[in-house]
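Residue numbering for the sequence shown follows UniProt numbering, starting at 1 and increasing by one per position. Notes follow the structure.
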Amino acid sequence: MTVHDLLASARGRLRRLPAAEVPTALGRGAFLVDIRPAAQRAEEGEVVNALVIERNVLEWRLDPESDARIPEAGNHDVEWVILCQEGYTSSLAAASLQEIGLYRATDVIGGYKALKDNGILI
1 MTVHDLLASA RGRLRRLPAA EVPTALGRGA FLVDIRPAAQ RAEEGEVVNA LVIERNVLEW
61 RLDPESDARI PEAGNHDVEW VILCQEGYTS SLAAASLQEI GLYRATDVIG GYKALKDNGI
121 LI
């Protein structure tokens with residue numbers, strides 16, 4: 001298996017969101033989670049109303065059964081929309097969240113770059 005196979009498998013389980021659909025998802029109660037590293041956020045810019053959780057601790061912060069969970073992670077029915085720079089790492093992260101029972105997890109097609117290019121939440 002290659003990283004491309006892994007990515008294709010992950011994306012096959014997701015209903016990925018185009019950037020234009022992100023505001024609608026947030027309006028229905030979804031949480032946008034920016035997993036980009038701090039240096040990348042500082043260089044590229046922040047996203048309005050996004051929770052910032054770096055990739056290396058994502059599962060621990062969003063799993064409702066974890067002692068390290070954030071307050072928003074109250075149950076397995078939360079809709080999490082994961083955001084990285086271009087939509088690759090976020091696909092793998094969202095699939096990982098689904099593997100721990102967070103079946104409404106997904107990501108943004110094109111990531112932060114797509115939000116920025118469309119003037120959404122920037």
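No residue lacks a Cβ here, since even glycine has one placed at the ideal position from N, Cα and C.
- Item | C-beta atoms of Val47 and Leu97 nearer than 8 Å | One-based indexing of the sequence shown puts residue 47 at position 47. One-based indexing of the sequence shown puts residue 97 at position 97. Going by C-beta atoms, Val47 is not nearer than 8 Å to Leu97.
- Determine the DSSP secondary structure at Val3, reduced to helix, strand or coil. Mapped onto the sequence shown, residue 3 falls at position 3. Residue state, collapsed to three classes: helix.
- If Val22 sits next to Trp80, beta carbons under 8 Å apart, how far is it from one beta carbon to the other, in whole angstroms? For the purposes of this step, residue 22 is taken as residue 22 along the sequence shown, with counting starting at 1. For the purposes of this step, residue 80 is taken as residue 80 along the sequence shown, with counting starting at 1. Separation of the CB atoms of Val22 and Trp80 is rounded to 12 Å, and the pair is thereby denied contact status at 8 Å.
- Asp77 - DSSP class collapsed to helix/strand/coil: Here residue 77 refers to the residue found at position 77 of the sequence shown. Asp77 falls in the coil class under three-state DSSP.
- Cβ neighbour criterion (16 or more within 10 Å) applied to Arg15: The residue given as residue 15 occupies position 15 in the sequence shown. With fewer than 16 Cβ atoms within 10 Å of its Cβ, Arg15 is classed as exposed.
- Item | Closest by C-alpha distance to Cys84, when choosing among Val52, Gly119, Leu26 and Val3 | Within the sequence shown, numbered from 1, the residue matching residue 84 stands at position 84. Ranking the options by Cα distance to Cys84, first place goes to Val52.
- Taking Asp117 as part of the alpha helix (DSSP H), name the residues at either end of that continuous run. In the sequence shown, counting from the first residue as 1, residue 117 sits at position 117. Unbroken alpha helix (DSSP H) run through Asp117: Gly111 to Asp117.
- Message: Check this for me: beta carbons of Asn49 and Leu26, under 8 Å apart or not?
- Response: Residue numbering aside, residue 49 sits at position 49 when the sequence shown is read from its first letter. Residue numbering aside, residue 26 sits at position 26 when the sequence shown is read from its first letter. The beta carbons of Asn49 and Leu26 sit closer together than 8 Å.
- Message: Judging by CA-CA distance, which residue of Gly12, Ala10, Ile122 and Gly101 is the nearest neighbour of Ala73?
- Response: Position 73 of the sequence shown, counted from the first residue, corresponds to residue 73. The residue with the shortest Cα to Cα distance from Ala73 is Gly101.
- Message: Suppose contacts are defined by Cβ-Cβ distances below 8 Å. Is Ala93 in contact with Ile82 by that definition?
- Response: Working through the sequence shown from its first residue, we reach residue 93 at position 93. Working through the sequence shown from its first residue, we reach residue 82 at position 82. Yes, Cβ-Cβ distance for Ala93 and Ile82 is below 8 Å.
- Task: Report the partner residues of Leu32 according to the DSSP bridge assignment.
- Result: For this step, residue 32 is matched to residue 32 along the sequence shown. According to DSSP, Leu32 bridges with Val81.
- Query: Are there 16 or more other CB atoms within 10 angstroms of the CB of residue 128, so buried, or fewer, so exposed?
  - Reply: In this structure the chain extends from 1 to 122, so residue 128 is not present and cannot be described.
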